[in-house]
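K.L.:
There's a structure below that I have some questions on.
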Amino acid sequence: MTCLVDVKMLLTCMLVVYGVTLLKVIKWTDNIWNNVSEFKWIEEQQFRDAMNDIHSSHRLIREVLKRKNATANQSIQHDIVNMISKASLFREEVHNNSILVSEKMLQSIKKMHGNKSRLPQSNYTDCARHFQLMSNEIYIYSAYLELRDSSNDSISVLRILTVSKLDSDDSIVWSINEDPHSWAVATKNEMCDNHAKAYGGVTYTMNLTSSDLNRLLAYRKVHLQTLKNLIDKSSSILSVPVCVNIIHGNLYKTQRLAFRNNSHSTLGQKNTATIFNLFSKGNNPAVSKLSKQQQLLPLNREIMFAVCVPPIFGDIKTSSVIQFVEMQKVLEVDHIYIYSMNSTTKEVSHILKFYEMEKTLTVSTWDIPENVDKAIWYHGQILAVQDCLHRTKNKFHYVAFLDIDELIVPKFHKDFPQMIEEIEQDFENALQSTRTKIAAFKFISAFFNPDYDISSANLTSGHITKGQGQIQMTYFKSLYREPSFSLARTKLIVKPDLIEEMGIHHVSNLSTKESLYIYDVPIETAFIHHYRKCSKMFDTDAPCNHTNLLHDNSILKYESIVRNVFDKVVQKNLQTIK
21 MTCLVDVKML LTCMLVVYGV TLLKVIKWTD NIWNNVSEFK WIEEQQFRDA MNDIHSSHRL
81 IREVLKRKNA TANQSIQHDI VNMISKASLF REEVHNNSIL VSEKMLQSIK KMHGNKSRLP
141 QSNYTDCARH FQLMSNEIYI YSAYLELRDS SNDSISVLRI LTVSKLDSDD SIVWSINEDP
201 HSWAVATKNE MCDNHAKAYG GVTYTMNLTS SDLNRLLAYR KVHLQTLKNL IDKSSSILSV
261 PVCVNIIHGN LYKTQRLAFR NNSHSTLGQK NTATIFNLFS KGNNPAVSKL SKQQQLLPLN
321 REIMFAVCVP PIFGDIKTSS VIQFVEMQKV LEVDHIYIYS MNSTTKEVSH ILKFYEMEKT
381 LTVSTWDIPE NVDKAIWYHG QILAVQDCLH RTKNKFHYVA FLDIDELIVP KFHKDFPQMI
441 EEIEQDFENA LQSTRTKIAA FKFISAFFNP DYDISSANLT SGHITKGQGQ IQMTYFKSLY
501 REPSFSLART KLIVKPDLIE EMGIHHVSNL STKESLYIYD VPIETAFIHH YRKCSKMFDT
561 DAPCNHTNLL HDNSILKYES IVRNVFDKVV QKNLQTIK
């Protein structure tokens with residue numbers, strides 16, 4: 021009997037928690053509604069904390085409910101059921117308030133931002149990325165909510181990016197608030213380029229109703245667990261809360277940006293641009309000139325170019341990282357995303373942190389579990405590519421996917437914007453139409469052996485050490501390439517908003533049924549300089565001729581600019597590298 025009394029007291033305490041929490045939410049809601057014109061996003065965290073209290077109490081009540089059949093006292097059972105019913109009413113009222121708050125939140129944002137469908141990007145920071153254990157078969161890396169402009173009820177898609185055991189029949193179930201009646205099974209899609217390994221990249225997708233969307237925008241996290249664990253009541257593995265990155269929908273599809281007026285790196289400078297957008301009026305596309313010579317501030321605007329570098333690891337040369345980053349700046353790249361494994365050297369880690377502080381690049385830790393790393397293709401490269409594709413959507417117009425030893429070199433243009441602008445203009449002129457658009461630009465590659473230097477037999481290691489003289493840069497000393505090109509080792513610059521899924525060397529799926537085109541860039545315009553010894557791996561038909569190499573000095577037009585900045589970066593970091 022004492023046990024039953026304790027249970028009753030416990031439930032009473034829980035209801036008090038519900039009541040106090042509800043008052044918090046109501047007070048918070050009134051505060052929002054009274055100050056909607058001066059909406060402060062800091063209030064959102066208070067709401068999340070309140071909801072977490074409710075969820076915790078609700079889990080305890082469920083546990084008591086499981087045990088209530090064990091008691092013989094019918095009166096106590098009746099009291100327990102009544103208290104749970106009251107608690108459910110509290111919970112339902114709080115849930116309704118949360119939806120109203122979410123709707124009010126969206127209304128206030130639309131009022132502040134011209135009633136556009138997209139939310140202000142500054143209100144959402146990038147989620148931290150790391151692998152989270154769901155089971156021995158599923159590891160979650162990141163999640164994305166893609167807002168779409170549609171009249172349908174299911175207007176938005178939630179994507180969960182994972183590495184999973186490919187022969188597993190398990191799946192992911194999801195819920196926004198852990199309601200036992202709201203779990204739903206996600207749709208499972210295996211990524212391409214897994215190469216028949218035990219583990220590979222797998223995407224789980226969920227179509228969201230407008231109600232789901234409102235709640236997810238309020239919480240900005242989703243609760244996930246495996247289907248097997250949900251069915252197995254004895255499982256000790258609880259659901260995992262996952263931070264959700266927001267991809268804001270865009271009513272306008274970018275057609276072109278004209279050249280910016282600065283000579284190289286846009287970071288830390290004011291720039292001007294003439295912006296043109298393509299939008300639809302009925303069935304007729306039209307071009308709208310939004311602004312001319314508009315002042316654009318770095319990182320507070322629609323940034324044009326990004327580069328994604330899949331997991332780097334091992335004994336990478338510090339000089340290779342510096343020259344890669346500085347060359348991207350010269351080519352008018354606005355930001356670089358690099359995925360880094362723990363095996364990189366402390367010197368490389370230092371250089372990456374240096375560039376992170378400059379806001380030149382973002383480093384994401386690639387802490388793939390050791391057991392998975394041994395059973396997946398190339399450290400899970402395809403998952404990193406997919407993650408970078410989604411994180412750049414609606415932030416960048418163009419995104420290049422490159423390894424750290426690869427470089428796209430324009431042969432006659434000074435930078436990427438100039439090259440892409442001319443390609444798209446020529447493409448439109450040839451078709452006499454803007455209906456068919458280029459979704460991606462594919463580049464073939466040539467091997468430039470960094471160990472082959474006709475001018476010197478004494479090559480530096482490329483590592484930065486104190487007291488060392490001028491460091492030779494691979495890009496400007498390796499001017500001899502294989503005469504044949506690799507058609508298999510292609511890489512791409514894509515328009516991320518038009519791509520559903522990337523492969524390593526190709527576009528796997530487009531995100532729209534529009535008339536889109538993958539453009540094969542001719543070698544006379546540009547191709548990839550791949551700074552490694554010729555290899556027949558993946559391209560057995562490509563002959564490797566290590567003697568009759570061709571001289572190619574097209575990259576030397578960038579040497580003076582890059583060398584000047586390179587030396588300054590080296591000198592600045594020599595004082596701190598140990």
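According to my numbering, the residues represented by the sequence shown are 21 to 598, in order.
For glycine and all other residues, C-beta sits at the position ideal for the given N, C-alpha and C.
Just so we're clear, the structure is a prediction, and the values are computed from it rather than from any experiment.
Rounding to the nearest angstrom, what Cα-Cα distance links L250 and S184 in this structure?
P.N.:
Translated into positions along the sequence shown, residue 250 becomes position 230. Translated into positions along the sequence shown, residue 184 becomes position 164. Computed Cα separation, rounded: 18 angstroms.
K.L.:
Output yes or no for whether 9 angstroms exceeds the beta carbon distance between T223 and N209.
P.N.:
In the sequence shown, counting from the first residue as 1, residue 223 sits at position 203. In the sequence shown, counting from the first residue as 1, residue 209 sits at position 189. Yes, these two residues count as a Cβ contact at 9 angstroms.
K.L.:
What runs of the beta strand (DSSP E), each 3 residues or longer, lie entirely inside the stretch 174-252?
P.N.:
176-185, 192-195, 207-210, 219-228, 241-246
K.L.:
Below 8 angstroms, how does it come out for the stretch 325-338 and the stretch 383-403: are there three or more Cβ pairs, yes or no?
P.N.:
yes
K.L.:
Can you check the stretch 334-413 for any alpha helix (DSSP H) of at least 4 residues that lies completely inside it and give the ranges in chain order?
P.N.:
The DSSP assignment places 338-350, 366-377, 390-393, 401-411 as complete runs of the alpha helix (DSSP H) inside the stretch 334-413, in order along the chain (cut-off: 4 residues).
K.L.:
With a threshold of 16 other CB atoms inside 10 Å of the CB of H244, please say whether the residue is buried or exposed.
P.N.:
Locating residue 244 in the sequence shown gives position 224, counting from the first residue. Looking at the sequence provided, one finds Leu at residue 244 rather than His. Under this definition L244 is a buried residue.
K.L.:
Which term fits A234, buried or exposed, when burial requires 16 or more other beta carbons within 10 angstroms of its beta carbon?
P.N.:
Your numbering for residue 234 matches position 214 in the sequence shown. In the sequence as displayed, the identity of residue 234 is Asn instead of Ala. Classification for N234: buried.
K.L.:
Can you tell which of R168, M211, W386, I196 has the C-alpha that lies nearest to the C-alpha of E521?
P.N.:
Position 501 of the sequence shown, counting from 1, holds the residue named residue 521. Measuring from the Cα of E521, the nearest candidate turns out to be M211.
K.L.:
Kindly indicate which three-state DSSP category Y472 falls into: helix, strand or coil?
P.N.:
Along the sequence shown, one-based indexing puts residue 472 at 452. In this structure, Y472 counts as coil in the three-state DSSP scheme.
K.L.:
Secondary structure at Q152, three-state DSSP: helix, strand or coil?
P.N.:
The residue labelled residue 152 in the question sits at position 132 within the sequence shown. Strand, per DSSP.
K.L.:
Note down, in chain order, each residue of its chain lying with its Cβ closer than 8 angstroms to the Cβ of K217, except the 5 sequence neighbours on either side.
P.N.:
Stepping through the sequence shown from its first residue, residue 217 is reached at position 197. Cβ within range, chain order: L186, A395, I396, W397.
K.L.:
To the nearest whole angstrom, what separates the beta carbons of N635 and D146, a pair I think is in contact under 8 angstroms?
P.N.:
Residue numbering for the chain in the displayed model covers 21 to 598; residue 635 lies beyond these limits and cannot be assessed.
K.L.:
Let me know the secondary structure DSSP gives R583 once reduced to three states.
P.N.:
Residue 583 sits at position 563 when you count from the first residue of the sequence shown. Three-state result, R583: helix.
K.L.:
I need the boundaries of the alpha helix (DSSP H) containing P261, first residue and last residue.
P.N.:
For the purposes of this step, residue 261 is taken as the residue at position 241 of the sequence shown. Element bounds for P261: not the alpha helix (DSSP H) but the beta strand (DSSP E), 260-263.
K.L.:
What residues are listed by DSSP as bridge partners for H549?
P.N.:
For the purposes of this step, residue 549 is taken as residue 529 along the sequence shown, with counting starting at 1. L427, A466, per the DSSP bridge assignment.
K.L.:
Which residue wins for smallest C-alpha separation from K415, given the options I491, I267, Q406?
P.N.:
Here residue 415 is taken as the residue at index 395 of the sequence shown, counted from 1. The shortest C-alpha separation from K415 is found at I267.
K.L.:
Could you pull out every residue in the same chain whose Cβ sits closer than 8 angstroms to the Cβ of S155, ignoring the five residues on either side in sequence?
P.N.:
Translated into positions along the sequence shown, residue 155 becomes position 135. Same-chain partners within the cutoff: D190, T246, K248, N249, I257.
K.L.:
Are the CB atoms of Y551 and D425 within a distance shorter than 9 angstroms?
P.N.:
By 1-based counting over the sequence shown, the position of residue 425 is 405. By 1-based counting over the sequence shown, the position of residue 551 is 531. Cβ atoms of D425 and Y551: closer than 9 angstroms.
K.L.:
I'd like to know whether the C-beta atoms of F467 and K553 end up nearer to each other than 9 angstroms.
P.N.:
Against the sequence shown, residue 467 aligns to sequence position 447. Against the sequence shown, residue 553 aligns to sequence position 533. In contact: F467 and K553 (Cβ atoms closer than 9 angstroms).
K.L.:
If you run the structure through DSSP and keep just helix, strand and coil, what is K588?
P.N.:
For the purposes of this step, residue 588 is identified with residue 568 of the sequence shown, where counting begins at 1. Reduced to three states, the DSSP call for K588 is helix.
K.L.:
Closer than 6 angstroms by C-beta to P470: which residues in its own chain qualify, once you throw out the five before and the five after it? Chain order, please.
P.N.:
By 1-based counting over the sequence shown, the position of residue 470 is 450. These residues qualify, in order along the chain: T494, S498, Y551.
K.L.:
Given a threshold of 16 other Cβ atoms within 10 Å of its Cβ, counted over all protein chains shown, does E390 qualify as buried or as exposed?
P.N.:
As a first step, residue 390 is located in the sequence shown; it is residue number 370 there, counting from the start. Under this definition E390 is an exposed residue.
K.L.:
Just to confirm the assignment, what range does the alpha helix (DSSP H) spanning T494 have?
P.N.:
As a working note, residue 494 is residue 474 in the sequence shown. Residues 494-497.
K.L.:
Just to confirm the assignment, what range does the alpha helix (DSSP H) spanning F447 have?
P.N.:
Counting from one through the sequence shown, the residue named residue 447 turns up at place 427. Unbroken alpha helix (DSSP H) run through F447: 436-451.
K.L.:
On a CA-only basis, which of M347, D387, L153 is nearest K577? Give me that one, please.
P.N.:
By 1-based counting over the sequence shown, the position of residue 577 is 557. Ranking M347, D387, L153 by Cα distance to K577 puts M347 first.
K.L.:
If we call anything under 9 angstroms between Cβ atoms a contact, is P563 one with S504?
P.N.:
Stepping through the sequence shown from its first residue, residue 563 is reached at position 543. Stepping through the sequence shown from its first residue, residue 504 is reached at position 484. The beta carbons of P563 and S504 sit closer together than 9 angstroms.
K.L.:
From the DSSP secondary-structure annotation, give me the bridge partner or partners of R13.
P.N.:
It is not possible to answer for residue 13, since the shown part of the chain is limited to 21 through 598.
K.L.:
Counting along the chain, where does the beta strand (DSSP E) carrying D540 start and finish?
P.N.:
Counting from 1 along the sequence shown, the entry for residue 540 is found at position 520. 536-540 is the extent of the beta strand (DSSP E) around D540.
K.L.:
I'd like the span of the beta strand (DSSP E) that includes T510, first residue to last.
P.N.:
One-based indexing of the sequence shown puts residue 510 at position 490. Counting along the chain, the beta strand (DSSP E) containing T510 begins and ends at 506-514.
K.L.:
So D252 packs on I196, CB below 8 angstroms; how close in whole Å?
P.N.:
Taking the first residue of the sequence shown as 1, we reach residue 252 at position 232. Taking the first residue of the sequence shown as 1, we reach residue 196 at position 176. D252 to I196, Cβ: 22 angstroms. No contact.
K.L.:
Would you report the Cα separation of V429 and A508, rounded to the nearest angstrom?
P.N.:
The count along the sequence shown starts at 1 and reaches residue 429 at position 409. The count along the sequence shown starts at 1 and reaches residue 508 at position 488. Cα to Cα, V429 sits roughly 18 angstroms from A508.
K.L.:
Could you round the C-beta distance between V405 and A326 to whole angstroms and report it? I think they count as a contact, below 8 angstroms.
P.N.:
Position 385 of the sequence shown holds residue 405. Position 306 of the sequence shown holds residue 326. Rounded, the Cβ-Cβ distance is 13 angstroms, inconsistent with contact.
K.L.:
Return the bridge partner residues of I266 from the DSSP annotation.
P.N.:
Numbered from 1 along the sequence shown, position 246 holds the residue referred to as residue 266. Partner(s): L165.
K.L.:
So if DSSP puts Y578 in a beta bridge, which residue, or which two residues, is it bridged to?
P.N.:
As a first step, residue 578 is located in the sequence shown; it is residue number 558 there, counting from the start. In DSSP, Y578 forms no bridge with anything.
K.L.:
So, for S202: in the same chain, excluding its five sequence neighbours on each side, which residues have a beta-carbon less than 8 angstroms away from its beta-carbon?
P.N.:
Locating residue 202 in the sequence shown gives position 182, counting from the first residue. Same-chain partners within the cutoff: S195, I196.
K.L.:
Comparing C-alpha positions only, which one of H526, F151, F461 sits nearest to I513?
P.N.:
Residue 513 sits at position 493 when you count from the first residue of the sequence shown. Here the closest residue by C-alpha is F461.
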